[in-house]
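I have placed the structure first, in the form of C-alpha cells, so that the comments after it can refer back to it.
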Amino acid sequence: MVTLIERYRSFLPVTDATPALTLGEGNTPLLRARQLEQQLGCRLFLKVEGMNPTGSFKDRGMVVAMSLALERGAGSVLCASTGNTAASAAAYAAASGLRCTVVLPAGYVAPGKLAQALVYGARIVAIDGSFDRALELAREAAERSGAELVNSVNPFRLEGQKTAAFEICDTLGRSPDVLALPVGNAGNITAYWKGFREYREVGKTGNLPMMWGFQAEGAAPLVNGAPVDHPQTVATAIRIGRPARGNEALAAARDSGGLLAAVSDEEIMEAYRLVASCEGVMCEPASAAPIAGLLRRVRTGHDLSGLTVVAVLTGNGLKDPATALASFTEPETVPAELSAVLRALAATA
Ligand code: F0G
Numbered sequence: 000m001v002t003l004i005e006r007y008r009s010f011l012p013v014t015d016a017t018p019a020l021t022l023g024e025g026n027t028p029l030l031r032a033r034q035l036e037q038q039l040g041c042r043l044f045l046k047v048e049g050m051n052p053t054g055s056f057k058d059r060g061m062v063v064a065m066s067l068a069l070e071r072g073a074g075s076v077l078c079a080s081t082g083n084t085a086a087s088a089a090a091y092a093a094a095s096g097l098r099c100t101v102v103l104p105a106g107y108v109a110p111g112k113l114a115q116a117l118v119y120g121a122r123i124v125a126i127d128g129s130f131d132r133a134l135e136l137a138r139e140a141a142e143r144s145g146a147e148l149v150n151s152v153n154p155f156r157l158e159g160q161k162t163a164a165f166e167i168c169d170t171l172g173r174s175p176d177v178l179a180l181p182v183g184n185a186g187n188i189t190a191y192w193k194g195f196r197e198y199r200e201v202g203k204t205g206n207l208p209m210m211w212g213f214q215a216e217g218a219a220p221l222v223n224g225a226p227v228d229h230p231q232t233v234a235t236a237i238r239i240g241r242p243a244r245g246n247e248a249l250a251a252a253r254d255s256g257g258l259l260a261a262v263s264d265e266e267i268m269e270a271y272r273l274v275a276s277c278e279g280v281m282c283e284p285a286s287a288a289p290i291a292g293l294l295r296r297v298r299t300g301h302d303l304s305g306l307t308v309v310a311v312l313t314g315n316g317l318k319d320p321a322t323a324l325a326s327f328t329e330p331e332t333v334p335a336e337l338s339a340v341l342r343a344l345a346a347t348a
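Take numbering that gives the first Met the number 0: the final residue in the sequence shown is number 348, and no numbers are missing along the way.
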C-alpha cells in the first residue's frame, strides 16, 4: 500500500526523520452522480471523504499533524471539536502511542463521533458552551501545557488536507470548474484552495476551480459578515460562529471567482436524503450542504450546464444515526409471514 504521505511526499513538510504513520487514509472515491446531474444540469462528481479510516476528511490532515508531533517528541495532543476532529485525533493518537484530550460542546456531537473518541481512548472534556469557546480553551490549554494542538489552526493539518485537491486533479486530469464544500471552521476550503494552486504551479493542472463554500443559515458568519454568538443547525459538524480561518475562506472564494452562501436546515436535510436515495451514498448532514447549495442555485435560476462540479462529501452518514432516524417514521412491525413480505413487494413494484 502506498500511503497518502508517500504518494504526495514532495508537497508535504515531511523528511526522512518523520515517523511513518498511516491508518489507510486518502485515495477516496470520486463518484459520478448521474441521477443528481439530471436535476442540476452539470457534470457532478462526489468526493466521498466518509471512506477515510475514521469516516471523515480530517484523517488526511491528522496523519500529517500527528506524524510531525511524533517527530518533535510530543507526549500528548489536544483539540476542540464538533466531533470528527476528535474521532480522527483520538484514532491517530492511539496508533502513535500519544495521549489525546478532546474538548467538545456538550449535547451537540453526533453519537457515532463521541463513541469513536471514547473507544479510541481519548479523554473527553464536554463543556457547557459552543465549539468556538471549546477552541478558545483548547488553544490556551495547549499553550500552558505544551500539548500539541491538532485543530486546523495547526498548519500541518491543512498540508495533509490539501491532498484531496491533488487526488481530484489526478483523477480528472485537471481541476474541476467548481469545487463545492461545506464550511465550518474554514480549514478545509483553505486547504483545497492551497492544493489546487500548488498543483497548478507544478503544471499538474492548467486551471483552477471556483471555490463554492456553503454554511448553514443558523451558523453563517462568513455569509452574514459577522460572528454568530449562538450558532444553530441540524448539521452539528458545522455549528460554528467564529471560524478560525474565516479570512482565508473569504480570500479563497474571492480569488477563485467563487462564493460563500448559506442553506437552510430543511434544504440540508432534503439534500441529505437525496444524495443517499439517488446515488447510494449516505453522508452526514453537514456534508449535504454543498448539494443543497447547488440545488438552490439551480432553483434560483443559475445555469450550471457545461460545468464540471465536484461536491465534497466530508463525513460518513453512519456517524449520525439519530438525525437519520428522526427524519423517517419507524417501520411498522408485521406478522412474520410470507404474505406480509409479498404485500410489501407489491407495494414497491
Ligand atoms: N464537514 C464535516 C463533516 C466536518 O466535520 C467539518 C468540520 C466540516 C465539514 C467543515 O470543515 O471546519 O474545515 O470548514 N468539523 C470540525 C470538527 C470543526 O471539529 O470535526 P472546516
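We put the CB at the ideal spot given by N, CA and C, even for glycine.
Local Cβ density within 10 Å of residue i, reported as buried at 16 or more and exposed below that
i, result
"Thr328", "exposed"
"Arg298", "exposed"
"Asp15", "exposed"
"Ala121", "buried"
"Arg296", "buried"
"Thr189", "buried"
"Leu20", "buried"
"Arg342", "exposed"
Cβ-heavy atom distance, residue i to the ligand F0G, below 7 Å
i, result
"Asn246", "no"
"Pro12", "no"
"Ile126", "no"
"Asn351", "Residue 351 falls outside the range modelled here, since the chain spans only 0 to 348, and no answer is possible."
"Gly82", "yes"
"Ser129", "no"
"Ser55", "yes"
"Pro110", "no"
"Thr27", "no"
"Val1", "no"
"Glu283", "yes"
"Ala250", "no"
"Leu104", "The displayed chain sequence assigns Pro, not Leu, to residue 104. No, the Cβ of Pro104 stays beyond 7 Å of every heavy atom of the ligand F0G."
"Ile290", "no"
"Pro181", "yes"
Among the options, nearest to residue i - alpha-carbon criterion
i, options, result
"Leu77", "Thr2, Pro12, Asn150", "Asn150"
"Gln37", "Leu303, Ala339, Asn246, Pro334", "Leu303"
"Ala225", "Trp211, Val233, Gly245", "Gly245"
"Gly305", "Asn315, Arg42, Leu3, Pro320", "Arg42"
"Ala90", "Ala114, Ala105, Ile239", "Ala114"
"Ser66", "Leu3, Ser55, Leu273, Ala252", "Leu3"
"Leu258", "Arg272, Gly111, Ser276, Leu221", "Leu221"
"Val1", "Phe10, Gly25, Pro12", "Gly25"
"Ser80", "Val62, Glu278, Ala125", "Ala125"
"Arg31", "Ala325, Val309, Ala346", "Val309"
"Gly159", "Ala236, Glu269, Gly194", "Gly194"
"Arg403", "Thr313, Ser75, Leu171", "No answer is possible for residue 403: it lies beyond the span of the chain, which begins at 0 and ends at 348."
"Phe44", "Leu35, Ala218, Cys282", "Leu35"
Whole-Å CB distance - residue i paired with residue j, under 8 Å assumed
i, j, result
"Ser87", "Asp58", "5 Å"
"Gly186", "Arg156", "6 Å"
"Met209", "Ser276", "In fact, because the Cβ distance is near 28 Å, the residues do not count as touching under 8 Å."
"Phe213", "Ala288", "4 Å"
"Ala215", "Ile290", "Actually they do not touch by this definition, with Cβ atoms about 13 Å apart."
"Leu97", "Ala73", "7 Å"
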